[in-house]
Amino acid sequence: MDTEKLLNYLNKTTLNDTYHRIIVTLFENLYKIDTLKIEKLAELCYVSPSTMTRFLQTFGFKNYSSMKNEFQMMTQQSTQILFHMYKTEQYLLKENPQKYLENYSQQISKVICQSAKYIDIQAIDQLLEDIHQHKKIYLYGYSFGKNLALTMQDNFLHLGKLCICTDTYEIQEKTIETITSQDLVIVISVYGNFIAQNQQLIQMLEQKHTKLVLLTQNKSIPAIPLFDKVITFSQENSLECGPYAMIFGVEYLIRRYHALYALSL
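Going by numbering that gives the first Met the number 0, the letters in the sequence shown line up with residues 0 to 264, in that order.
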């Protein structure tokens, strides 16, 4: 389920807003939704069933059953999917947290050291030249990838380069309508989930003949051939430490841009 749209709305409104109150009630009853009829949920939210129906339509749910199914799928996600942890590490974290911390820190250190040797400096310099030359740059990402995109947007702005960081899927889709072949689109995806879940979006971008770049730490993403350029920050896909390779790579990318193009600003 795409919780981002719900959370974005939640973070931009207050309890005085009806839909805000509904979202709060939904998340507070996350593990009970499957047993609640729409009338009962509406009662808990202090709204009418018709208001609940309008809420569902506003946030893209086909109907109440569809929403319940998506919430159920969300609550049944495995720990491996949520925290990118193998079962052995889950057990260690429960039984010996100190040992887990030591192991985890060692894994992070190893991944970063490997990334430092693996990162293709020439490929990044070519990307930075593209960023410097393009007037319009769009950043696409979800969850952790979106956070990295926002970091890039903020830092590049201070370095004299404006990037557009699209928000929800709906805005991303609308933005594509205005993108041309003269623009640069950078997709940021740690594991490739953003691409897998938004294949239609990627295909729409490809049809625009815009320059399409992927930043990732997983070089085994099936959709890689759709991109004009792929920058990988890790030699192999790291389930637990992939985000750290991405942070390291993106930070290097920003600092390198500063060194090449912004020191004279």
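Beta carbons are placed, not taken as given, at the ideal position from N, Cα and C, and that holds for glycine.
Give me the residue from the options with the minimum Cα distance to residue i.
i    : options                : result
L211 : S233, T87, I130, L6    : I130
S219 : V189, P48, Q199, K207  : V189
E3   : N15, N68, I123, I22    : I22
L200 : I178, T215, Q216, N217 : I178
C240 : I32, Q106, F155        : Q106
L259 : S142, N192, I120, S114 : I120
Y103 : F193, Y85, V184        : Y85
Q125 : F143, F247, D227, C112 : D227
L25  : N15, S114, F54         : F54
I246 : K67, C112, L158        : C112
D16  : C44, T34, E38, L40     : C44
H257 : G159, S49, K116, T34   : G159
N217 : E235, Q206, L14        : E235
H19  : Q132, L6, I253         : L6
Q202 : L183, L225, Q196       : L225
Y168 : L183, D182, Q198       : Q198
Y63  : A41, M73, K11          : A41
A195 : Y141, R255, G59, D33   : Y141
L149 : K134, H133, K135, D166 : D166
T34  : G59, K67, L14, V46     : K67
S180 : P221, K135, I32, H157  : K135
E176 : D153, L147, H208       : H208
G191 : Y30, S237, E172        : S237
Which residue marks the beginning of the alpha helix (DSSP H) containing residue i, and which one marks its end?
i    : result
I123 : 120-132
I32  : Premise fails: I32 is in no alpha helix (DSSP H) and is neither H nor E.
T2   : 2-11
V249 : 241-256
V110 : 96-117
K135 : No alpha helix (DSSP H) holds K135; DSSP gives it neither H nor E.
S261 : Note that residue 261 is Ala in the sequence shown, not Ser. First-last for A261: undefined, no H or E at that position.
M84  : M84 -> no alpha helix (DSSP H), and no H or E assigned at all.
L14  : Neither: L14 is in no alpha helix (DSSP H) and is coded neither H nor E.
L204 : 198-206
Helix, strand or coil, according to DSSP, for residue i in the structure here?
i    : result
T165 : coil
G140 : strand
C57  : According to the sequence as given, residue 57 is Thr; it is not Cys. Correct three-state label for T57: helix.
E235 : coil
I220 : coil
V23  : helix
M268 : With the chain represented from 0 up to 264, any question about residue 268 goes unanswered, as that position is not in the structure.
S47  : coil
N154 : helix
K93  : helix
L149 : helix
K67  : helix
K160 : coil
Could you pull the start and end residues of the beta strand (DSSP E) that residue i belongs to?
i    : result
L211 : 210-215
S229 : Before going further, note that residue 229 is Val rather than Ser in the sequence given. Per DSSP, V229 belongs to the beta strand (DSSP E) from 228-231.
Throw me the rounded Cβ distance for the residue i and residue j pair, which I believe falls under 8 Å.
i    : j    : result
I123 : I223 : The Cβ separation is near 17 Å, so there is no contact.
G288 : F193 : The chain is shown from 0 up to 264; residue 288 falls before or after that span and cannot be answered.
I187 : L204 : In fact, because the Cβ distance is near 14 Å, the residues do not count as touching under 8 Å.
L161 : M151 : Contact flag wrong, Cβ pair sits at about 11 Å.
I118 : Y251 : 7 Å
I32  : F70  : 5 Å
Contained beta strand (DSSP E) runs [length at least 3] in the stretch 170-196, N- to C-terminal order:
183-187
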